[in-house]
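Chain order of the listed sequences is A and B. For the first sequence, our numbering assigns the number 368 to the initial residue and increments by one for each residue that follows. For the second sequence, our numbering assigns the number 368 to the initial residue and increments by one for each residue that follows. Positions of the beta carbon are idealized from the N, C-alpha and C atoms, including for glycine.
Number of protein chains: 2
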Amino acid sequence: MTTFLDEALALLGPRGLTTDPELTAPWLTDWRGRYTGRAVAMASPASTAEVSALVRLCARHGVAIVPQGGNSGMCGGATPDPGGSQLLLSLRRMSAVRTLDPAARQITCEAGVVLQNLHEAALAHGLRFPLTLGGKGSATVGGLISTNAGGTQVLRHGSMRALVLGIEAVLADGSVFSALAPLKKDNRGFDLKQLLIGSEGTLGVVTAATLRLVPAVAERIVVWAGVPSLQVARALLLHCEDAVGEALEGFEVMPQPSLEAVLGHLPGARAPLADPHPWHVLIEVVADALGAPALRERAEAMVASAFAAGLVEDATLSASEAQAEAFWALRDGVAPAERAKGPAVQHDISVPVEKMPDFVDHAVAEVERRHPGVQAIAFGHLGDGNVHFHVIAALGVDRAGFEQGLGKAISSEVYDMVVAWGGSISAEHGIGQAKRAELERLGDPVTLALMRQVKGALDPRGILNPGKLVALAPPDTSA
Amino acid sequence: MTTFLDEALALLGPRGLTTDPELTAPWLTDWRGRYTGRAVAMASPASTAEVSALVRLCARHGVAIVPQGGNSGMCGGATPDPGGSQLLLSLRRMSAVRTLDPAARQITCEAGVVLQNLHEAALAHGLRFPLTLGGKGSATVGGLISTNAGGTQVLRHGSMRALVLGIEAVLADGSVFSALAPLKKDNRGFDLKQLLIGSEGTLGVVTAATLRLVPAVAERIVVWAGVPSLQVARALLLHCEDAVGEALEGFEVMPQPSLEAVLGHLPGARAPLADPHPWHVLIEVVADALGAPALRERAEAMVASAFAAGLVEDATLSASEAQAEAFWALRDGVAPAERAKGPAVQHDISVPVEKMPDFVDHAVAEVERRHPGVQAIAFGHLGDGNVHFHVIAALGVDRAGFEQGLGKAISSEVYDMVVAWGGSISAEHGIGQAKRAELERLGDPVTLALMRQVKGALDPRGILNPGKLVALAPPDTSA
Numbered sequence: 368m369t370t371f372l373d374e375a376l377a378l379l380g381p382r383g384l385t386t387d388p389e390l391t392a393p394w395l396t397d398w399r400g401r402y403t404g405r406a407v408a409m410a411s412p413a414s415t416a417e418v419s420a421l422v423r424l425c426a427r428h429g430v431a432i433v434p435q436g437g438n439s440g441m442c443g444g445a446t447p448d449p450g451g452s453q454l455l456l457s458l459r460r461m462s463a464v465r466t467l468d469p470a471a472r473q474i475t476c477e478a479g480v481v482l483q484n485l486h487e488a489a490l491a492h493g494l495r496f497p498l499t500l501g502g503k504g505s506a507t508v509g510g511l512i513s514t515n516a517g518g519t520q521v522l523r524h525g526s527m528r529a530l531v532l533g534i535e536a537v538l539a540d541g542s543v544f545s546a547l548a549p550l551k552k553d554n555r556g557f558d559l560k561q562l563l564i565g566s567e568g569t570l571g572v573v574t575a576a577t578l579r580l581v582p583a584v585a586e587r588i589v590v591w592a593g594v595p596s597l598q599v600a601r602a603l604l605l606h607c608e609d610a611v612g613e614a615l616e617g618f619e620v621m622p623q624p625s626l627e628a629v630l631g632h633l634p635g636a637r638a639p640l641a642d643p644h645p646w647h648v649l650i651e652v653v654a655d656a657l658g659a660p661a662l663r664e665r666a667e668a669m670v671a672s673a674f675a676a677g678l679v680e681d682a683t684l685s686a687s688e689a690q691a692e693a694f695w696a697l698r699d700g701v702a703p704a705e706r707a708k709g710p711a712v713q714h715d716i717s718v719p720v721e722k723m724p725d726f727v728d729h730a731v732a733e734v735e736r737r738h739p740g741v742q743a744i745a746f747g748h749l750g751d752g753n754v755h756f757h758v759i760a761a762l763g764v765d766r767a768g769f770e771q772g773l774g775k776a777i778s779s780e781v782y783d784m785v786v787a788w789g790g791s792i793s794a795e796h797g798i799g800q801a802k803r804a805e806l807e808r809l810g811d812p813v814t815l816a817l818m819r820q821v822k823g824a825l826d827p828r829g830i831l832n833p834g835k836l837v838a839l840a841p842p843d844t845s846a
Numbered sequence: 368m369t370t371f372l373d374e375a376l377a378l379l380g381p382r383g384l385t386t387d388p389e390l391t392a393p394w395l396t397d398w399r400g401r402y403t404g405r406a407v408a409m410a411s412p413a414s415t416a417e418v419s420a421l422v423r424l425c426a427r428h429g430v431a432i433v434p435q436g437g438n439s440g441m442c443g444g445a446t447p448d449p450g451g452s453q454l455l456l457s458l459r460r461m462s463a464v465r466t467l468d469p470a471a472r473q474i475t476c477e478a479g480v481v482l483q484n485l486h487e488a489a490l491a492h493g494l495r496f497p498l499t500l501g502g503k504g505s506a507t508v509g510g511l512i513s514t515n516a517g518g519t520q521v522l523r524h525g526s527m528r529a530l531v532l533g534i535e536a537v538l539a540d541g542s543v544f545s546a547l548a549p550l551k552k553d554n555r556g557f558d559l560k561q562l563l564i565g566s567e568g569t570l571g572v573v574t575a576a577t578l579r580l581v582p583a584v585a586e587r588i589v590v591w592a593g594v595p596s597l598q599v600a601r602a603l604l605l606h607c608e609d610a611v612g613e614a615l616e617g618f619e620v621m622p623q624p625s626l627e628a629v630l631g632h633l634p635g636a637r638a639p640l641a642d643p644h645p646w647h648v649l650i651e652v653v654a655d656a657l658g659a660p661a662l663r664e665r666a667e668a669m670v671a672s673a674f675a676a677g678l679v680e681d682a683t684l685s686a687s688e689a690q691a692e693a694f695w696a697l698r699d700g701v702a703p704a705e706r707a708k709g710p711a712v713q714h715d716i717s718v719p720v721e722k723m724p725d726f727v728d729h730a731v732a733e734v735e736r737r738h739p740g741v742q743a744i745a746f747g748h749l750g751d752g753n754v755h756f757h758v759i760a761a762l763g764v765d766r767a768g769f770e771q772g773l774g775k776a777i778s779s780e781v782y783d784m785v786v787a788w789g790g791s792i793s794a795e796h797g798i799g800q801a802k803r804a805e806l807e808r809l810g811d812p813v814t815l816a817l818m819r820q821v822k823g824a825l826d827p828r829g830i831l832n833p834g835k836l837v838a839l840a841p842p843d844t845s846a
């Protein structure tokens, strides 16, 4: 290992390699604090050429690599194992915007560019990168691509995959896969960049990408509506799609108890509607400069016809940008407010959009029936068929005991139900180390076999992010 | 082979297997008449289960499989080799629409559904499948997916890849990869359906798919404009995108000589504009029922501001659906009219959209300078950075001699230029057998190696469409 470190230091210089515990410690625990690992060193290369040479060096020495962006992932996908022999490969130093072409609405940037900086770079040209999420101050382009990140704007613009036009990545042997050129049409065989998107660093290290931009938002209106059920919320979603088409950018739901939790948790928060309703819906409609003048009229017509169709019990439109922000603050406050209630297990799940209302009704009732005292809550991206399903422990239950005991058992039950309903046990957070056992348990065997074949072909020695997502060989179940 | 045929017959029955030359002959030559093969038999399974059992049987006997849809591909990708030992696997009998969900705007259908039937099935529910191309009366869903087909609506809705929500395919060992469930969000690892899209049957046999539908077109207006150069045409494209946003569905270009060729070749055709212009642009804007009332006013404003900005020399808007059809007939007439001029070689190429005008100017001048007497013509999908680049032989030159001699040399020169400009030697037609040698010659070595690794992992014995797209091993260049 000394030889390896010497060679790595010679390659990257002192700014590019450190074993100082003070510098590495913040990056060895995932941000939710669930996993802590150790690393032989933290490498911070400054260029694709350095990444390539480093991976070549690792391949020669058989050193495993854990790529990391902003360390804001939800599944421990960027945290090394506790063995101390893996190399933490930070892409954060590679933070340059290489080119931004406003006419073509494209930006080419390095993997370490932070999402918020990407937003600002686009906005400076009257454009927008239409993906955002809570961790935007830390999350990097490379991490967003490697996890195929979602967020609150997927309804209209898709997940990260839909925004990646080109990619550059270093493969397991150190060679550079260079497909940054943003060709709108290219049918020269397999679309290999698609394999790298969402592969959590197990097939290659993303070093740069060309991304799609859209016109900046000139006007937005946020509608807050009360509805009697998720089934009606789904009907309202279809109604809004028909009424304003692609102006619809957000459609988020939460039950009355979640709203109450936020109101009790967030200083100064006020309920948008006078009365309680079983479910609350946040609807965002936006327009660029072209469509801005007509937006309020369109939104008002959408709400009026929703009233007329009996799809809402009550509704209000944001009268100002400050009020729009306040509505979103209520939505963004759900996860922290629910967390404050006590020990809980969280599930990022999806089912086909049209089945989601019945699934939530079924799963909430089933979990609460089987485990008296626990509380099940679903909220989030109804428009994407993706909710965050939280199960909160009964009052007075010990956190560690719940999370490692009953909570784990409940999670397995939730995932069983998701699979039975044709859904996914990971809608937008990925697999990482957190969900690997469940993926092995519940994944389609043909799909798992295919994934292993691909992993074996691209990383035969298993040096890229081992222990995450998928193993080269199926787990030994003979014991 | 007798044993294999006996077993296949027992499996599929007489409707599912034939060796009758009269029945098989039409399917053994590609539709452009460039390639003719032989087959041990033509199998026409009726279900995914039959395809699975058949592939298993082929794997056991080492019989290679050539999947085929409507046999309307452009690169010989569905034609067996002349050896006579490959099995032609027609998916045409699998032509059922399994489900159509109008609210979710999704259709799940088998691989053999013909594009035109898909259009009609969607239209019956007020919806549209937004991809179309010349061969829509023959092309099947399976073929469109396997070639990631393009066409004239890619500008707005993307190629086939953007419309595939789920896929079912039979893999090289006969196992069924089943991912039809249309989850909007699913981050359980590699997106394997993306590998199958555009893989030309070399990684699996697509048996069914879930596809995205959009609202039907309620109103469309086609603008015909004359412009002084392709550079101005590109500026006009950006202008139209800004002016009408996503109402813009088509942006096609042709030079004056091509228009003249169509006018001389198409009975009753009339020039839309009074005077000749160096380049002609066809612009299509459409609206669903919601946007229909405002469409003409928006289109007129777009054209008026284009005049004001000096972006068009002249322009006219279609006054009726019949006139819109007539404008499109001129566009669709270019390829046949150019073919009627005499022997030619055609190239389906792309470069980054913003470089296309300069590339065309350069390539046309260069080809005509190097080869006095030939005529080079580019026309097509400027909005996608994709033109069809035809080089027509000098007058009196023999067809076969040109196509096999000088034409081939010119093609290589064209592809060299495309690669030098960062483009693709196949924008929308694929590789098949037609472009395989050029892909080996000009492809990025890292990408080719990756493709071979993936091919080797998914089809280690090479029984899926051998001789197409990519070989398991690099060609032997030691001789």
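Three-way DSSP call (helix, strand, coil) for residue i in this model
i: residue 750/A; result: helix
i: residue 679/A; result: coil
i: residue 837/A; result: coil
i: residue 788/A; result: coil
i: residue 692/A; result: helix
i: residue 409/A; result: strand
i: residue 381/A; result: helix
i: residue 674/B; result: helix
i: residue 371/B; result: helix
i: residue 801/B; result: coil
i: residue 610/B; result: helix
i: residue 619/A; result: strand
i: residue 561/B; result: helix
i: residue 701/A; result: helix
i: residue 496/B; result: coil
i: residue 580/B; result: coil
Cα-Cα separation between residue i and residue j, rounded to whole angstroms
i: residue 381/B; j: residue 406/B; result: 17 Å
i: residue 453/A; j: residue 383/A; result: 16 Å
i: residue 776/A; j: residue 630/A; result: 31 Å
i: residue 798/B; j: residue 449/B; result: 19 Å
i: residue 495/B; j: residue 402/A; result: 48 Å
i: residue 796/B; j: residue 517/B; result: 8 Å
Pair within 8 Å by beta-carbon distance, residue i and residue j
i: residue 615/A; j: residue 652/A; result: yes
i: residue 836/A; j: residue 803/A; result: yes
i: residue 710/B; j: residue 654/B; result: no
i: residue 584/B; j: residue 472/B; result: no
i: residue 848/A; j: residue 591/A; result: The requested residue 848/A does not occur in the structure, where chain A is confined to residues 368 to 846.
i: residue 714/A; j: residue 648/A; result: no
i: residue 813/B; j: residue 542/A; result: yes
i: residue 419/B; j: residue 537/B; result: yes
i: residue 661/A; j: residue 606/A; result: no
i: residue 602/B; j: residue 511/B; result: no
Whole-number beta carbon distance between residue j and residue i, since they are thought to touch under 8 Å
i: residue 570/A; j: residue 831/A; result: 7 Å
i: residue 436/B; j: residue 455/B; result: Actually they do not touch by this definition, with Cβ atoms about 12 Å apart.
i: residue 526/B; j: residue 515/B; result: 5 Å
According to DSSP, residues forming a beta bridge with residue i
i: residue 403/B; result: 396/B
i: residue 757/B; result: 713/B, 744/B
i: residue 512/A; result: Answer is none; residue 512/A lacks a bridge partner.
i: residue 536/A; result: 544/A, 573/A
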